[in-house]
Amino acid sequence: MTPPSAPYTIGIDTGAATLREADHLLQALAAGLSLPGGIFGCTHLVRDGHPRVTLSLAAGAAGAETALRTARDRLAAQGYEVRDGAPDEAGRAVLYPGAGALTGTLTLAEVLTRSAIEQVTVVGTPDEPLPSTLLVTREHVRPQWQSGRLVLAAMPAAGGTLVPFEDPDPTPCCADH
Numbered sequence: 008m009t010p011p012s013a014p015y016t017i018g019i020d021t022g023a024a025t026l027r028e029a030d031h032l033l034q035a036l037a038a039g040l041s042l043p044g045g046i047f048g049c050t051h052l053v054r055d056g057h058p059r060v061t062l063s064l065a066a067g068a069a070g071a072e073t074a075l076r077t078a079r080d081r082l083a084a085q086g087y088e089v090r091d092g093a094p095d096e097a098g099r100a101v102l103y104p105g106a107g108a109l110t111g112t113l114t115l116a117e118v119l120t121r122s123a124i125e126q127v128t129v130v131g132t133p134d135e136p137l138p139s140t141l142l143v144t145r146e147h148v149r150p151q152w153q154s155g156r157l158v159l160a161a162m163p164a165a166g167g168t169l170v171p172f173e174d175p176d177p178t179p180c181c182a183d184h
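Note that the sequence shown ends on residue 184 in my numbering; no numbers are left out.
Following this line, the structure appears as structure tokens:
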């Protein structure tokens with residue numbers, strides 16, 4: 008999904024096999040393309056005959072559309088499959104306004120004012136967390152687009168804090184076999 012106000016979005020199929028690989032590639036591509044602020048970069052799980060993780064870049068700010076059109080041409084020249092539009096409406100945001108400011112431990116009010124995240128939910132509870140609730144970011148905050156809003160899923164942690172639901176260092180399935 009792209010920000011509702013995004014005038015232009017491109018989808019990039021890099022053949023990435025994992026979210027971690029796609030995250031690193033998305034960050035490297037954005038740095039190499041010198042993209043301006045206001046860009047949203049998301050990952051998308053593709054479950055067709057060839058499961059993989061694709062990317063999208065969306066212009067969320069005035070002037071960013073031109074940068075994305077240039078990025079589209081440069082990515083295509085590098086051999087990536089690039090097309091207009093996002094692969095789906097459930098993008099997992101890696102790059103978004105304010106993402107770099109979400110480090111350490113912050114109140115949910117700070118998360119919402121410092122970034123493009125619009126809501127924080129707690130997995131397993133229907134209740135909205137208090138704005139004063141602390142979030143231990145683990146320097147890995149990956150909200151998802153839900154009904155046109157950027158929403159961070161969090162889960163309870165030690166001392167009444169929350170952590171983002173997605174673990175920055177997940178244990179691979181069957182790691183001890």
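Beta carbons are placed, not taken as given, at the ideal position from N, Cα and C, and that holds for glycine.
Because the structure is a prediction, the values reported are computed rather than measured.
Residues near residue i by beta carbon distance below 8 Å, same chain, minus five either side
{"i": "Ala-93", "result": "Met-8, Thr-9, Thr-16, Gly-18, Cys-49, His-51, Ser-63 and Ala-65"}
{"i": "Leu-32", "result": "Thr-21, Ala-23 and Leu-62"}
Local conformation of residue i per DSSP, three classes
{"i": "Asp-20", "result": "strand"}
{"i": "Gln-34", "result": "helix"}
{"i": "Gly-4", "result": "The first residue shown for the chain is 8 and the last is 184, placing residue 4 beyond what the model contains."}
{"i": "Leu-26", "result": "helix"}
{"i": "Arg-79", "result": "helix"}
{"i": "Arg-54", "result": "coil"}
{"i": "Ala-13", "result": "coil"}
{"i": "Asp-176", "result": "coil"}
{"i": "Leu-109", "result": "coil"}
{"i": "Ala-65", "result": "strand"}
{"i": "Thr-140", "result": "coil"}
{"i": "Gly-39", "result": "helix"}
{"i": "Gly-86", "result": "coil"}
{"i": "Glu-135", "result": "coil"}
{"i": "His-184", "result": "Note on His-184: pLDDT 45, under 50, position unreliable in the model; the coordinate value appears next. Three-state result, His-184: coil."}
{"i": "Ala-97", "result": "coil"}
{"i": "Ala-123", "result": "coil"}
Residues that DSSP places opposite residue i in a beta bridge
{"i": "Arg-149", "result": "Answer by DSSP bridge pairing: none, since Arg-149 is not bridged."}
{"i": "Ala-161", "result": "Val-129 and Pro-171"}
{"i": "Val-60", "result": "Ala-23 and Leu-52"}
{"i": "Leu-102", "result": "Gly-48"}
{"i": "Arg-156", "result": "Gln-153"}
{"i": "Thr-114", "result": "Leu-141"}
Nearest-angstrom beta carbon gap, residue j and residue i [assumed within contact, 8 Å]
{"i": "Thr-130", "j": "Pro-136", "result": "One point to set straight first is that residue 130 is Val, not Thr, in the sequence displayed. With a Cβ gap of about 11 Å, Val-130 and Pro-136 do not count as contacting."}
{"i": "Pro-138", "j": "Thr-114", "result": "6 Å"}
{"i": "Arg-81", "j": "Leu-40", "result": "6 Å"}
{"i": "Ala-83", "j": "Gln-151", "result": "With a Cβ gap of about 27 Å, Ala-83 and Gln-151 do not count as contacting."}
{"i": "Phe-47", "j": "Ala-13", "result": "7 Å"}
7 Å Cβ shell around residue i - same chain, five flanking residues per side excluded
{"i": "Arg-59", "result": "Gly-22, Ala-23, Ala-24 and Val-53"}
{"i": "Ala-123", "result": "Tyr-103, Pro-104, Gly-105 and Leu-157"}
{"i": "Arg-121", "result": "Gly-105, Ala-108 and Leu-109"}
{"i": "Ala-164", "result": "Val-143 and Val-170"}
{"i": "Phe-172", "result": "Val-130, Ala-160, Ala-161 and Met-162"}
{"i": "Asp-174", "result": "none"}
Beta-carbon proximity list for residue i, same chain, < 6 Å, skipping 5 on both sides
{"i": "Asp-95", "result": "His-51"}
{"i": "Ala-74", "result": "Leu-42 and Pro-43"}
{"i": "Gly-67", "result": "Pro-10, Ala-13, Gly-45 and Phe-47"}
{"i": "Asp-30", "result": "Val-101"}
Minimum Cβ-Cβ distance from residue i to chain C less than 9 Å
{"i": "Phe-47", "result": "No chain C is present in this structure, which holds just one protein chain."}
Practice problem: Would you check if there are 3 or more beta carbon pairs closer than 8 Å linking the segment 141-159 to the segment 94-110? | Solution: yes
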